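What follows is a short report on a single structure.
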Amino acid sequence: MSDANLPETPAGPYVYDYKTAPNRQIELPKTVPLPGYRAYVAEQKAQAEAEEAKWQKQLADYETAKAKAEAEGKEAPTAPVKPAPKKNDTDMVFPAPTEAQAPDLLRLMELLGDKVEEAFEQAGEMTCQVGRDHILEALKLCREDASLKYEMLADETATHYPAATDFAFSVVYHLTSLARKKRLRLRILIPEGFEPQSATQIYPGANWLEREIWDMFGIRFQHHPDMTRILCPEGWEGHPLRKEYPVVGWGQRDIDFRDDRSGMLNRIALEKAGQLGINLKQPKAE
Amino acid sequence: MGVIHQPSSFENLLITTRVEKVMNWSRATSVWPMTFGLACCAIEMMASGAARFDFDRFGCGIFRATPRQADLMIVPGTVTYKMAPTIKLLWDQMPEPKWAIAMGSCATCGGPFDSYHTIQGVDKIIPVDVYIPGCPPRPEALFYGFMKLQDKIMTSSLADRYREIFEEVG
Chain A
1 MSDANLPETP AGPYVYDYKT APNRQIELPK TVPLPGYRAY VAEQKAQAEA EEAKWQKQLA
61 DYETAKAKAE AEGKEAPTAP VKPAPKKNDT DMVFPAPTEA QAPDLLRLME LLGDKVEEAF
121 EQAGEMTCQV GRDHILEALK LCREDASLKY EMLADETATH YPAATDFAFS VVYHLTSLAR
181 KKRLRLRILI PEGFEPQSAT QIYPGANWLE REIWDMFGIR FQHHPDMTRI LCPEGWEGHP
241 LRKEYPVVGW GQRDIDFRDD RSGMLNRIAL EKAGQLGINL KQPKAE
Chain B
287 MGVIHQPSSF ENLLITTRVE KVMNWSRATS VWPMTFGLAC CAIEMMASGA ARFDFDRFGC
347 GIFRATPRQA DLMIVPGTVT YKMAPTIKLL WDQMPEPKWA IAMGSCATCG GPFDSYHTIQ
407 GVDKIIPVDV YIPGCPPRPE ALFYGFMKLQ DKIMTSSLAD RYREIFEEVG
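Protein chains in written order, with the working numbering: chain A, 1 to 286; chain B, 287 to 456.
Below, the structure written as structure tokens:
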């Protein structure tokens with residue numbers, strides 16, 4: 001919904017002016033803060049290269065200044081000193097990701113092979129990113145493999161990355177093993193419009209979690225038993241946790257009290273009719 | 287020697303007053319609120335009803351579990367867009383005379399939630415008699431607001447409900 005489609009602001013003391021509201025202004029993020037070992041290594045490498053280039057430039061500047069001073073018969077400038085790497089003594093630094101060494105991650109990588117895109121550990125937490133078409137297989141393995149046994153899906157959620165080019169969302173599965181007292185995070189990266197397989201086939205508790213993801217992010221799941229909104233009323237426009245959604249919404253705060261606004265009464269009636277075997281559909285005169 | 291005033295039997299038996307005042311007095315001292323809560327203000331309302339503060343001293347401690355037996359709707363908490371039709375439905379089910387208290391910042395003006403899902407004050411869907419600020423208000427604040435409501439009830443007139451009709455006729 002663009003600005004042109006916004007509701008006209010009627011006069012009155014209690015009507016919110018959506019077009020000039022400060023909460024309507026959106027600032028999209030320019031970075032992709034997706035944690036990962038490969039990205040971390042690349043970032044470190046780029047940083048080191050930049051520092052090296054800076055040092056080389058300092059050296060070259062010194063050489064030219066020295067040659068110039070010699071030609072003019074002046075005193076040579078002092079040689080630059082390579083700055084020692086800064087020591088960070090604070091213990092508040094967030095731990096950096098490291099390569100996968102935990103037996104669970106190694107086992108997953110062994111079982112899934114090249115379906116694992118990335119696996120790393122950070123702050124004692126295991127993360128495994130699998131191909132977006134193979135998430136069901138990975139979940140099934142995590143639940144049923146004798147050496148993994150992650151029998152609980154603690155949480156399932158998503159994140160929106162509008163600045164990323166090759167994907168738009170990450171869907172994250174937080175698994176817990178009650179027997180082994182371990183936690184594992186599975187992750188898939190999906191583009192806009194991609195419909196991942198529903199985890200309800202393996203973890204029935206994913207039902208409402210996936211409904212919430214659909215409500216908040218607009219990611220639909222294939223083979224989900226009831227892909228409807230859960231938090232927002234039915235008939236809501238937009239998905240509020242997307243980054244391009246303004247905080248005050250798109251004009252839904254103007255209240256509309258028509259009967260059965262959300263269609264819930266109609267739905268309940270249809271369900272009850274289905275249980276009783278009654279056909280509620282009235283034949284209409286043509 | 288003075289004359290000792292002997293009260294007559296009539297003075298022991300009869301109190302003279304106005305019907306309106308009796309009606310208002312009985313209404314103001316037996317306001318039954320509805321069992322109804324939305325957010326953290328409801329916790330404070332429950333504390334007001336419990337033994338330490340004892341809401342019932344003012345005659346409004348009998349929380350009715352149905353809107354059809356309630357006189358007062360305390361709206362304690364954030365009114366979301368999804369909850370608004372339900373609140374409106376409950377308010378419509380309450381019989382006259384009825385009053386409403388908006389308890390806390392959220393119910394009065396939306397509070398900190400200037401966002402897509404929150405209605406900016408419950409007064410956009412139901413008429414409110416008393417607003418109590420606070421996040422959440424202390425039980426004392428709720429008592430003070432309720433006593434203000436009692437004052438308002440005491441000033442009401444039996445002709446109030448007919449006044450609008452007469453004014454329309456002119």
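Beta carbons: idealized from backbone N, C-alpha and C, even for Gly. Note that this is a predicted model, so its numbers are computed, not measured.
- Taken in chain order, the complete alpha helix (DSSP H) segments of 4 residues or longer contained in the segment 86 to 172 of chain A are 103 to 112 and 135 to 144.
- At least one CB atom of chain B sits nearer than 8 Å to the CB of Gly249/A.
- Note on the segment 338 to 411 of chain B: whole beta strand (DSSP E) runs with a minimum of 3 residues are 358 to 362 and 385 to 389, in chain order.
- Membership of Leu209/A in the alpha helix (DSSP H) is indicated by the continuous run Ala206 to Phe217.
- Taking the CA atoms as reference points, Ala427/B sits about 17 Å from Gly323/B.
- Contact annotation: the segment 190 to 209 of chain A does not touch the segment 363 to 380 of chain B, with fewer than three C-beta pairs closer than 8 Å.
- Counted as a single uninterrupted DSSP element, the stretch harbouring Tyr245/A is not any alpha helix (DSSP H), since DSSP gives it neither H nor E.
- In this structure, the beta-carbon distance from Ala386/B to Val361/B falls below 8 Å.
- When C-alpha distances from Glu52/A are compared across Lys30/A, Pro83/A, Ala154/A and Arg242/A, the shortest belongs to Pro83/A.
- By the Cβ rule, the segment 98 to 114 of chain A does not count as touching the segment 158 to 171 of chain A, because fewer than three pairs are nearer than 8 Å.
- In this structure, DSSP gives Arg187/A an extended state, which the three-state scheme calls strand.
- As the crow flies, the alpha-carbon of Pro191/A is around 45 Å from that of Met389/B.
- Beyond the five residues adjoining it in sequence on each side, Phe341/B comes within less than 7 Å, by CB distance, of Ser334, Gly335 and Gly347 in the same chain, given in chain order.
- Here the segment 162 to 170 of chain A lies against the segment 179 to 190 of chain A, with 3 or more beta-carbon pairs under 8 Å apart.
- 8 Å or more divides the Cβ of Tyr448/B from the Cβ of Val248/A.
- By the CB criterion at 8 Å, Ala206/A and Leu153/A fall inside the cutoff.
- Within the model, the alpha-carbon separation for Gln47/A versus Tyr40/A is close to 11 Å.
- Of all residues in the segment 220 to 240 of chain A, the ones placed with a Cβ closer than 9 Å to any Cβ belonging to chain B are Leu231, Cys232, Pro233, Trp236, Gly238 and Pro240, in chain order.
- When the alpha-carbon of Ala146/A is set against those of Arg132/A, Ser177/A and Val130/A, the nearest one is in Ser177/A.
- Under the three-state reduction of DSSP, Leu59/A is assigned to helix.
- Contact annotation, Gly363/B with Ser316/B: C-beta distance approximately 25 Å; criterion of less than 8 Å not satisfied.
- Taking C-beta separations shorter than 6 Å and ignoring five residues to either side along the sequence, the partners of Leu444/B in its chain run Glu306, following chain order.
- Closest in C-alpha terms to His239/A, from the list Arg211/A, Asp226/A and Pro225/A, comes Arg211/A.
- Here Cys421/B is not near Ala325/B, since their CB atoms are 8 Å or more apart.
- For Met309/B, the closest C-alpha among the options Trp377/B, Pro383/B, Ala351/B and Met332/B is that of Pro383/B.
- The three-state secondary structure of Val416/B, taken from DSSP, is strand.
- Gly36/A sits buried, since 16 or more C-beta atoms from the chains shown fall within 10 Å of its C-beta.
- In this structure, the beta-carbon distance from His223/A to Gln197/A falls below 8 Å.
- The DSSP-derived three-state label of Thr176/A is strand.
- For Arg229/A, same chain residues with a beta-carbon under 8 Å away, outside a window of 5 residues either side, are Arg211, Trp214, Asp215 and Trp236 in chain order.
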